[in-house]
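Numbering (UniProt numbering), first residue to last: 1 to 417. Read the structure below first, then the notes.
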Amino acid sequence: MNHPYTQKPIARGIRFVRAQAPSDVQALIGGLTTAFAEFKDKHQGEVDELRTAVDSFAIAMAAQQMNGNAGGAAARAEQQPVYAARGLRSAEIAAHYNKRAQAADEDKSVTLADFMRGVAGMKTTEGVMASLAVGTDTAGGYAVPNVVMPKILDALVDQSALLTAGAGILPLDGAKSITVAGIDTLPVPAWRQELGAVAESEPTFRALTGKPRSLACIVRISRELLADADDVSRALTLAISQAFALELDRVGLVGSGTDPEPLGLYGRDTIKKIKQAGATFGYADLLAAYQTQLEGKAPAPTAAIMAPRTLVGLAGLTDTTGQPLAAPPLLSGVRQMATNGAPVDLGTGKASSLAFVGNFSTMQFVMRENLNIGVLREAYAKTGEIGFLCHARADLIVNYPQAITIIEGVTSKAAKA
1 MNHPYTQKPI ARGIRFVRAQ APSDVQALIG GLTTAFAEFK DKHQGEVDEL
51 RTAVDSFAIA MAAQQMNGNA GGAAARAEQQ PVYAARGLRS AEIAAHYNKR
101 AQAADEDKSV TLADFMRGVA GMKTTEGVMA SLAVGTDTAG GYAVPNVVMP
151 KILDALVDQS ALLTAGAGIL PLDGAKSITV AGIDTLPVPA WRQELGAVAE
201 SEPTFRALTG KPRSLACIVR ISRELLADAD DVSRALTLAI SQAFALELDR
251 VGLVGSGTDP EPLGLYGRDT IKKIKQAGAT FGYADLLAAY QTQLEGKAPA
301 PTAAIMAPRT LVGLAGLTDT TGQPLAAPPL LSGVRQMATN GAPVDLGTGK
351 ASSLAFVGNF STMQFVMREN LNIGVLREAY AKTGEIGFLC HARADLIVNY
401 PQAITIIEGV TSKAAKA
(Lines of atoms letter the chains of each structure in order from A; the text may use other names.)
(Lines give C-alpha, C1' and ligand atoms only; values in the text may rest on other atoms or scores of the structure.)
Protein backbone atom coordinates (compact mmCIF):
# COMPACT_ATOMS: atom_id res chain seq x y z
CA MET A 1 0.00 0.00 0.00
CA ASN A 2 1.27 3.45 -0.96
CA HIS A 3 0.97 6.69 1.00
CA PRO A 4 -1.82 8.84 -0.52
CA TYR A 5 0.39 11.91 -0.86
CA THR A 6 3.96 10.65 -1.23
CA GLN A 7 2.94 7.51 -3.13
CA LYS A 8 5.64 5.65 -1.22
CA PRO A 9 5.00 2.23 0.27
CA ILE A 10 3.84 2.16 3.90
CA ALA A 11 5.74 -0.28 6.12
CA ARG A 12 3.66 -3.12 7.40
CA GLY A 13 3.13 -3.27 11.19
CA ILE A 14 0.57 -2.70 13.93
CA ARG A 15 -2.37 -0.77 12.48
CA PHE A 16 -4.40 -0.40 15.70
CA VAL A 17 -4.82 -1.83 19.23
CA ARG A 18 -8.12 -2.79 20.78
CA ALA A 19 -8.26 -3.50 24.52
CA GLN A 20 -10.65 -6.10 25.77
CA ALA A 21 -11.84 -5.95 29.40
CA PRO A 22 -14.60 -7.52 31.45
CA SER A 23 -17.92 -5.89 30.86
CA ASP A 24 -18.57 -5.40 34.61
CA VAL A 25 -15.83 -2.90 35.59
CA GLN A 26 -17.56 -2.15 38.92
CA ALA A 27 -17.27 -5.79 39.93
CA LEU A 28 -13.54 -5.70 39.20
CA ILE A 29 -13.04 -2.58 41.34
CA GLY A 30 -15.13 -4.08 44.12
CA GLY A 31 -13.02 -7.22 44.09
CA LEU A 32 -9.82 -5.20 44.42
CA THR A 33 -11.29 -3.21 47.33
CA THR A 34 -12.25 -6.40 49.13
CA ALA A 35 -8.81 -7.88 48.58
CA PHE A 36 -7.09 -4.79 49.99
CA ALA A 37 -9.40 -4.82 53.04
CA GLU A 38 -8.62 -8.48 53.72
CA PHE A 39 -4.89 -7.77 53.40
CA LYS A 40 -5.15 -4.87 55.87
CA ASP A 41 -7.07 -6.94 58.43
CA LYS A 42 -4.59 -9.77 58.13
CA HIS A 43 -1.56 -7.58 58.78
CA GLN A 44 -3.03 -4.90 61.09
CA GLY A 45 -1.87 -6.74 64.21
CA GLU A 46 1.70 -6.81 62.95
CA VAL A 47 1.53 -3.11 62.09
CA ASP A 48 0.22 -2.27 65.59
CA GLU A 49 2.99 -4.32 67.18
CA LEU A 50 5.63 -2.51 65.14
CA ARG A 51 4.09 0.85 66.03
CA THR A 52 4.21 -0.03 69.75
CA ALA A 53 7.86 -1.05 69.45
CA VAL A 54 8.70 2.22 67.69
CA ASP A 55 6.89 4.21 70.42
CA SER A 56 8.80 2.36 73.15
CA PHE A 57 12.10 3.01 71.38
CA ALA A 58 11.23 6.70 71.00
CA ILE A 59 10.48 6.95 74.72
CA ALA A 60 13.81 5.33 75.59
CA MET A 61 15.68 7.67 73.24
CA ALA A 62 13.90 10.70 74.70
CA ALA A 63 14.90 9.62 78.20
CA GLN A 64 18.51 9.19 77.08
CA GLN A 65 18.60 12.68 75.57
CA MET A 66 16.93 14.16 78.64
CA ASN A 67 19.44 12.53 80.98
CA GLY A 68 22.32 13.81 78.87
CA ASN A 69 24.02 10.42 78.71
CA ALA A 70 26.03 9.33 75.71
CA GLY A 71 25.84 5.93 74.08
CA GLY A 72 23.95 3.33 76.09
CA ALA A 73 24.49 4.89 79.52
CA ALA A 74 20.85 5.89 79.90
CA ALA A 75 19.67 2.47 78.84
CA ARG A 76 22.00 0.84 81.34
CA ALA A 77 20.67 3.13 84.09
CA GLU A 78 17.22 1.71 83.44
CA GLN A 79 18.47 -1.79 84.31
CA GLN A 80 17.92 -1.87 88.06
CA PRO A 81 20.06 -4.11 90.31
CA VAL A 82 18.64 -7.35 91.69
CA TYR A 83 17.98 -5.81 95.13
CA ALA A 84 15.89 -2.94 93.69
CA ALA A 85 12.18 -2.99 94.49
CA ARG A 86 9.71 -3.38 91.65
CA GLY A 87 8.24 -0.16 90.32
CA LEU A 88 8.22 2.40 87.55
CA ARG A 89 11.14 4.79 87.22
CA SER A 90 11.97 7.56 84.70
CA ALA A 91 11.08 6.47 81.13
CA GLU A 92 9.21 3.40 82.39
CA ILE A 93 6.44 5.68 83.68
CA ALA A 94 5.58 7.03 80.23
CA ALA A 95 5.89 3.59 78.63
CA HIS A 96 3.48 2.02 81.15
CA TYR A 97 0.74 4.63 80.89
CA ASN A 98 1.10 5.12 77.14
CA LYS A 99 0.54 1.40 76.70
CA ARG A 100 -2.59 1.59 78.85
CA ALA A 101 -3.79 4.64 76.93
CA GLN A 102 -3.33 2.82 73.64
CA ALA A 103 -5.26 -0.20 74.94
CA ALA A 104 -8.10 2.09 76.03
CA ASP A 105 -7.98 3.98 72.71
CA GLU A 106 -7.57 7.33 74.49
CA ASP A 107 -7.10 10.58 72.61
CA LYS A 108 -3.39 11.46 72.83
CA SER A 109 -4.10 15.19 72.53
CA VAL A 110 -5.95 15.39 75.88
CA THR A 111 -4.29 17.68 78.46
CA LEU A 112 -4.83 18.08 82.20
CA ALA A 113 -6.55 21.43 81.62
CA ASP A 114 -8.93 19.86 79.07
CA PHE A 115 -9.75 17.12 81.57
CA MET A 116 -10.40 19.49 84.47
CA ARG A 117 -12.58 21.70 82.29
CA GLY A 118 -14.62 18.62 81.49
CA VAL A 119 -14.87 17.67 85.17
CA ALA A 120 -16.12 21.20 85.91
CA GLY A 121 -18.77 20.92 83.19
CA MET A 122 -17.10 23.47 80.92
CA LYS A 123 -16.51 23.21 77.18
CA THR A 124 -13.85 20.62 76.40
CA THR A 125 -12.75 18.11 73.76
CA GLU A 126 -14.46 14.96 72.55
CA GLY A 127 -11.56 12.90 73.88
CA VAL A 128 -12.19 14.22 77.39
CA MET A 129 -15.91 13.52 77.15
CA ALA A 130 -15.10 9.93 76.20
CA SER A 131 -12.76 9.61 79.21
CA LEU A 132 -15.36 11.05 81.57
CA ALA A 133 -17.94 8.59 80.28
CA VAL A 134 -15.87 5.59 81.39
CA GLY A 135 -13.75 7.08 84.18
CA THR A 136 -16.30 7.63 86.94
CA ASP A 137 -15.49 5.97 90.25
CA THR A 138 -17.53 5.19 93.36
CA ALA A 139 -16.33 8.34 95.12
CA GLY A 140 -17.95 10.54 92.51
CA GLY A 141 -14.73 11.82 90.96
CA TYR A 142 -13.08 10.95 87.68
CA ALA A 143 -9.90 8.98 87.06
CA VAL A 144 -7.28 11.05 85.25
CA PRO A 145 -6.77 9.64 81.71
CA ASN A 146 -3.70 7.49 81.18
CA VAL A 147 -2.36 9.91 78.55
CA VAL A 148 -2.17 12.64 81.22
CA MET A 149 -0.63 10.56 84.03
CA PRO A 150 2.99 10.51 82.72
CA LYS A 151 3.34 14.30 82.88
CA ILE A 152 1.92 14.39 86.41
CA LEU A 153 4.13 11.55 87.64
CA ASP A 154 7.23 12.90 85.85
CA ALA A 155 6.68 16.22 87.63
CA LEU A 156 6.09 14.30 90.87
CA VAL A 157 9.44 12.53 90.50
CA ASP A 158 11.21 15.84 89.82
CA GLN A 159 9.75 17.34 93.01
CA SER A 160 10.22 14.30 95.28
CA ALA A 161 13.65 13.56 96.73
CA LEU A 162 12.75 9.93 97.46
CA LEU A 163 11.55 9.26 93.92
CA THR A 164 14.51 11.11 92.41
CA ALA A 165 16.82 9.02 94.60
CA GLY A 166 15.45 5.81 93.10
CA ALA A 167 12.25 4.80 94.90
CA GLY A 168 9.80 3.17 92.48
CA ILE A 169 6.10 3.68 91.79
CA LEU A 170 4.18 0.40 91.72
CA PRO A 171 0.66 0.76 90.26
CA LEU A 172 -1.95 -1.72 91.47
CA ASP A 173 -4.55 -2.37 88.80
CA GLY A 174 -7.65 -2.85 90.93
CA ALA A 175 -6.06 -4.81 93.80
CA LYS A 176 -6.74 -3.47 97.31
CA SER A 177 -3.33 -4.48 98.65
CA ILE A 178 -0.13 -6.27 97.71
CA THR A 179 2.22 -8.56 99.60
CA VAL A 180 5.90 -8.76 98.65
CA ALA A 181 8.92 -10.52 100.13
CA GLY A 182 11.29 -8.32 102.10
CA ILE A 183 14.85 -9.19 103.10
CA ASP A 184 15.04 -9.55 106.89
CA THR A 185 18.45 -11.12 107.51
CA LEU A 186 20.96 -12.75 105.22
CA PRO A 187 21.39 -16.53 105.59
CA VAL A 188 24.69 -17.62 107.16
CA PRO A 189 26.43 -20.46 105.30
CA ALA A 190 28.77 -22.77 107.21
CA TRP A 191 31.23 -25.46 106.19
CA ARG A 192 30.24 -28.99 107.07
CA GLN A 193 31.77 -32.45 107.26
CA GLU A 194 30.47 -35.28 105.12
CA LEU A 195 27.14 -36.42 106.60
CA GLY A 196 27.39 -33.54 109.07
CA ALA A 197 24.42 -31.39 110.09
CA VAL A 198 23.79 -28.14 108.24
CA ALA A 199 24.01 -25.07 110.48
CA GLU A 200 20.75 -23.17 110.77
CA SER A 201 20.31 -19.40 110.66
CA GLU A 202 17.50 -16.94 111.27
CA PRO A 203 14.64 -16.62 108.76
CA THR A 204 15.75 -14.64 105.73
CA PHE A 205 12.53 -13.13 104.41
CA ARG A 206 9.39 -11.54 105.80
CA ALA A 207 6.06 -10.65 104.25
CA LEU A 208 5.52 -6.95 103.53
CA THR A 209 2.01 -5.75 102.83
CA GLY A 210 1.25 -2.50 101.08
CA LYS A 211 -2.27 -1.21 101.61
CA PRO A 212 -2.77 2.14 99.86
CA ARG A 213 -4.15 4.93 102.07
CA SER A 214 -6.10 7.97 100.93
CA LEU A 215 -4.23 11.23 100.30
CA ALA A 216 -6.15 14.27 99.10
CA CYS A 217 -5.80 18.00 98.50
CA ILE A 218 -8.02 20.79 97.16
CA VAL A 219 -6.93 22.90 94.19
CA ARG A 220 -8.78 26.21 93.68
CA ILE A 221 -8.80 28.17 90.44
CA SER A 222 -10.98 30.93 89.02
CA ARG A 223 -13.46 29.90 86.36
CA GLU A 224 -12.11 32.53 83.95
CA LEU A 225 -8.49 31.44 84.34
CA LEU A 226 -9.38 27.79 83.79
CA ALA A 227 -11.32 28.65 80.64
CA ASP A 228 -8.93 31.17 79.08
CA ALA A 229 -5.32 30.61 80.18
CA ASP A 230 -3.07 29.05 77.54
CA ASP A 231 -0.61 27.41 79.95
CA VAL A 232 -3.03 26.34 82.65
CA SER A 233 -2.07 22.67 82.13
CA ARG A 234 1.51 23.44 83.16
CA ALA A 235 0.39 25.36 86.25
CA LEU A 236 -2.08 22.67 87.33
CA THR A 237 0.45 19.88 86.79
CA LEU A 238 3.07 21.71 88.83
CA ALA A 239 0.69 22.57 91.69
CA ILE A 240 -0.76 19.07 92.03
CA SER A 241 2.54 17.21 91.64
CA GLN A 242 4.42 19.50 94.03
CA ALA A 243 1.73 19.17 96.72
CA PHE A 244 1.72 15.37 96.56
CA ALA A 245 5.52 15.13 96.22
CA LEU A 246 6.14 17.07 99.43
CA GLU A 247 3.73 14.91 101.42
CA LEU A 248 5.05 11.65 99.95
CA ASP A 249 8.56 12.72 100.95
CA ARG A 250 7.45 13.65 104.48
CA VAL A 251 5.47 10.48 105.12
CA GLY A 252 8.13 8.35 103.41
CA LEU A 253 10.79 9.73 105.73
CA VAL A 254 9.00 10.35 109.05
CA GLY A 255 5.40 9.12 108.67
CA SER A 256 3.90 8.19 112.05
CA GLY A 257 2.25 4.91 111.02
CA THR A 258 -0.90 5.94 112.90
CA ASP A 259 -3.97 5.52 110.70
CA PRO A 260 -4.46 6.83 108.14
CA GLU A 261 -0.76 7.80 107.78
CA PRO A 262 1.78 5.22 106.50
CA LEU A 263 4.89 4.45 108.53
CA GLY A 264 8.01 6.24 107.33
CA LEU A 265 11.66 5.22 107.44
CA TYR A 266 12.42 6.87 110.79
CA GLY A 267 9.75 4.89 112.63
CA ARG A 268 11.03 1.48 111.51
CA ASP A 269 13.19 -0.35 114.02
CA THR A 270 14.73 -2.44 111.23
CA ILE A 271 16.57 0.63 109.90
CA LYS A 272 19.94 1.43 111.48
CA LYS A 273 20.32 4.84 113.19
CA ILE A 274 23.55 6.60 114.13
CA LYS A 275 24.31 9.93 115.82
CA GLN A 276 26.01 12.95 114.31
CA ALA A 277 29.64 12.78 115.43
CA GLY A 278 30.71 16.41 115.77
CA ALA A 279 29.16 19.76 116.57
CA THR A 280 28.31 20.36 112.92
CA PHE A 281 27.09 17.96 110.26
CA GLY A 282 29.88 17.13 107.84
CA TYR A 283 31.25 14.63 105.37
CA ALA A 284 32.53 12.48 108.24
CA ASP A 285 28.91 11.75 109.16
CA LEU A 286 28.11 10.65 105.62
CA LEU A 287 31.18 8.41 105.67
CA ALA A 288 30.01 6.90 108.96
CA ALA A 289 26.64 6.07 107.41
CA TYR A 290 28.43 4.65 104.36
CA GLN A 291 30.51 2.39 106.62
CA THR A 292 27.43 1.31 108.59
CA GLN A 293 25.75 0.02 105.47
CA LEU A 294 28.78 -1.83 104.19
CA GLU A 295 29.28 -3.48 107.56
CA GLY A 296 25.61 -4.46 107.49
CA LYS A 297 26.25 -6.32 104.21
CA ALA A 298 23.98 -3.90 102.36
CA PRO A 299 24.64 -2.24 98.99
CA ALA A 300 26.63 0.98 99.04
CA PRO A 301 24.64 4.22 99.39
CA THR A 302 23.73 6.12 96.25
CA ALA A 303 21.98 9.15 97.76
CA ALA A 304 21.75 11.30 100.88
CA ILE A 305 18.46 13.10 101.60
CA MET A 306 18.35 15.95 104.09
CA ALA A 307 16.65 19.25 104.93
CA PRO A 308 17.54 22.26 102.73
CA ARG A 309 19.45 23.98 105.53
CA THR A 310 21.51 20.82 106.10
CA LEU A 311 22.43 20.58 102.43
CA VAL A 312 23.39 24.25 102.27
CA GLY A 313 25.39 23.96 105.49
CA LEU A 314 27.27 20.96 104.12
CA ALA A 315 28.08 22.82 100.91
CA GLY A 316 29.29 25.81 102.94
CA LEU A 317 31.95 23.93 104.89
CA THR A 318 35.46 25.36 104.45
CA ASP A 319 38.99 24.22 105.21
CA THR A 320 41.55 26.02 107.36
CA THR A 321 42.32 28.44 104.51
CA GLY A 322 38.69 29.37 104.00
CA GLN A 323 38.34 27.40 100.77
CA PRO A 324 35.23 25.23 100.14
CA LEU A 325 35.72 21.77 101.56
CA ALA A 326 35.72 19.06 98.89
CA ALA A 327 33.79 15.85 99.45
CA PRO A 328 35.88 12.67 99.84
CA PRO A 329 36.17 10.65 96.61
CA LEU A 330 34.28 7.75 98.22
CA LEU A 331 31.18 9.96 98.31
CA SER A 332 31.35 10.88 94.62
CA GLY A 333 28.61 8.35 93.85
CA VAL A 334 26.33 9.60 96.62
CA ARG A 335 23.92 12.24 95.33
CA GLN A 336 23.06 14.92 97.88
CA MET A 337 19.51 16.26 97.70
CA ALA A 338 17.17 18.31 99.84
CA THR A 339 13.51 18.01 100.73
CA ASN A 340 11.23 20.03 102.96
CA GLY A 341 9.81 16.69 104.07
CA ALA A 342 12.77 16.26 106.44
CA PRO A 343 11.99 17.74 109.89
CA VAL A 344 14.09 20.54 111.38
CA ASP A 345 12.46 20.83 114.81
CA LEU A 346 13.65 17.71 116.62
CA GLY A 347 15.61 17.31 119.86
CA THR A 348 15.45 19.16 123.16
CA GLY A 349 16.10 22.50 121.51
CA LYS A 350 13.66 21.82 118.67
CA ALA A 351 16.45 22.65 116.23
CA SER A 352 17.98 19.37 115.09
CA SER A 353 17.19 17.38 111.97
CA LEU A 354 17.74 14.01 110.30
CA ALA A 355 19.76 12.85 107.30
CA PHE A 356 18.85 9.71 105.35
CA VAL A 357 21.66 7.89 103.57
CA GLY A 358 21.17 4.79 101.47
CA ASN A 359 20.16 3.04 98.29
CA PHE A 360 16.56 4.14 97.90
CA SER A 361 15.85 1.87 94.95
CA THR A 362 14.99 -0.68 97.65
CA MET A 363 11.79 1.29 98.40
CA GLN A 364 8.52 1.51 96.49
CA PHE A 365 5.40 3.63 96.68
CA VAL A 366 2.37 1.45 95.99
CA MET A 367 -0.43 3.30 94.17
CA ARG A 368 -3.80 1.64 93.77
CA GLU A 369 -5.30 3.80 91.01
CA ASN A 370 -4.79 6.78 88.75
CA LEU A 371 -5.08 10.20 90.32
CA ASN A 372 -8.77 10.94 90.86
CA ILE A 373 -10.24 14.44 90.50
CA GLY A 374 -13.72 15.58 91.52
CA VAL A 375 -15.32 19.02 91.46
CA LEU A 376 -16.59 20.96 94.50
CA ARG A 377 -19.37 22.91 92.84
CA GLU A 378 -20.77 24.93 95.74
CA ALA A 379 -17.86 25.41 98.13
CA TYR A 380 -16.31 28.38 96.29
CA ALA A 381 -19.24 29.61 94.21
CA LYS A 382 -19.36 32.98 96.02
CA THR A 383 -15.87 33.90 94.85
CA GLY A 384 -16.31 32.63 91.29
CA GLU A 385 -13.78 29.87 91.84
CA ILE A 386 -13.91 26.17 91.13
CA GLY A 387 -12.57 23.72 93.69
CA PHE A 388 -11.10 20.42 92.58
CA LEU A 389 -10.67 17.56 95.04
CA CYS A 390 -7.53 15.68 94.00
CA HIS A 391 -7.31 12.21 95.49
CA ALA A 392 -4.62 9.51 95.39
CA ARG A 393 -4.09 6.24 97.26
CA ALA A 394 -0.57 5.26 98.23
CA ASP A 395 1.51 3.30 100.72
CA LEU A 396 5.22 2.73 101.33
CA ILE A 397 7.06 -0.59 101.25
CA VAL A 398 10.70 -0.87 102.35
CA ASN A 399 12.01 -4.13 100.89
CA TYR A 400 15.56 -3.98 102.21
CA PRO A 401 15.82 -1.81 105.36
CA GLN A 402 19.53 -2.56 105.81
CA ALA A 403 20.16 -0.50 102.66
CA ILE A 404 19.28 2.74 104.49
CA THR A 405 20.93 4.48 107.46
CA ILE A 406 19.54 7.48 109.36
CA ILE A 407 21.76 10.09 111.00
CA GLU A 408 20.13 11.66 114.07
CA GLY A 409 20.81 14.95 115.85
CA VAL A 410 21.82 16.75 112.67
CA THR A 411 22.79 20.40 113.07
CA SER A 412 24.46 22.68 110.55
CA LYS A 413 26.04 26.09 110.19
CA ALA A 414 23.09 27.23 108.11
CA ALA A 415 20.77 26.39 111.02
CA LYS A 416 22.92 28.39 113.46
CA ALA A 417 23.32 31.47 111.27
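For each residue, glycine too, the CB sits at the ideal point set by N, CA and C.
{"Query": "Backbone secondary structure at A235 - three-state DSSP", "Result": "helix"}
{"Query": "Inter-residue Cα distance where the pair is A70 and A161", "Result": "Only weak support is given to the placement of A70: the predicted model assigns it a pLDDT of 41, under 50, and the question is left unresolved by the model."}
{"Query": "Opening and closing residue of the alpha helix (DSSP H) in which G313 lies", "Result": "308-315"}
{"Query": "Distance between beta carbons of P262 and L396, contact taken as under 8 Å", "Result": "5 Å"}
{"Query": "C-beta atoms of I305 and A165 nearer than 8 Å", "Result": "yes"}
{"Query": "Rounded distance between the beta-carbons of I274 and A288, thought under 8 Å", "Result": "6 Å"}
{"Query": "Rounded C-alpha distance that separates A279 from G210", "Result": "39 Å"}
{"Query": "CA-to-CA distance, T204 to T185, given in whole angstroms", "Result": "5 Å"}
{"Query": "Sequence-distant residues of its chain with Cβ nearer than 8 Å to L88 (five each side left out)", "Result": "H96, L153, G168, I169, L170, P171"}
{"Query": "According to DSSP, residues forming a beta bridge with S160", "Result": "Answer is none; S160 lacks a bridge partner."}
{"Query": "Nearest-angstrom beta carbon gap, V188 and S201 [assumed within contact, 8 Å]", "Result": "4 Å"}
{"Query": "Limits of the alpha helix (DSSP H) - the one that R117 falls within", "Result": "112-119"}
{"Query": "Contact set for L330: own chain, Cβ-Cβ below 8 Å, skip 5 residues either direction", "Result": "L287, Y290"}
{"Query": "Contacting residues, own chain, Cβ-Cβ under 6 Å from P150 (five flanking each side not counted)", "Result": "I93, A94, Y97"}
{"Query": "Anticipated Cβ contact below 8 Å, V110 with G127, distance rounded", "Result": "5 Å"}
{"Query": "Residue closest to A104, alpha-carbon to alpha-carbon, out of A130, A394, R309", "Result": "A130"}
{"Query": "CA-to-CA distance, I407 to G174, given in whole angstroms", "Result": "38 Å"}
{"Query": "Any 3 or more C-beta pairs closer than 8 Å across the segment 338-353 and the segment 385-405", "Result": "no"}
{"Query": "Pairwise C-alpha distance: I373 and A235", "Result": "16 Å"}
{"Query": "CA-to-CA distance, L314 to A77, given in whole angstroms", "Result": "Below a pLDDT of 50, predicted positions are generally treated as unreliable, and A77, at 44, falls in that range; the measurement from the model is reported next regardless. If you take the alpha carbons of A77 and L314, they lie about 28 Å apart."}
{"Query": "Pick from V251, T179, A190 that is closest to L163, judged by C-alpha positions", "Result": "V251"}
{"Query": "Alpha carbon of A85 to alpha carbon of Q336, nearest angstrom", "Result": "21 Å"}
{"Query": "Residue span of the beta strand (DSSP E) that contains I407, given as start and end", "Result": "404-410"}
{"Query": "N-terminal and C-terminal residue of the beta strand (DSSP E) that K272 is part of", "Result": "272-275"}
{"Query": "Classification of E224 by the beta-carbon crowding that lies within 10 angstroms, buried from 16 upward", "Result": "exposed"}
{"Query": "Endpoints, the alpha helix (DSSP H) within which Q364 is located", "Result": "Not the alpha helix (DSSP H): Q364 falls in the beta strand (DSSP E), residues 363-367."}
{"Query": "Environment of A159 [buried if 16+ CB atoms lie within 10 Å]", "Result": "The sequence as given places Gln at residue 159; Ala does not occur at that position. Label assigned to Q159: buried."}
{"Query": "Reduced DSSP secondary structure (H/G/I, E/B, other) of P299", "Result": "coil"}
{"Query": "Close-in-space but distant-in-sequence residues of the same chain around A239 (CB under 7 Å, 5 per side omitted)", "Result": "V219"}
{"Query": "C-beta contact flag for V312 and L354 at 8 Å", "Result": "no"}
{"Query": "DSSP-derived helix/strand/coil call for R335", "Result": "strand"}
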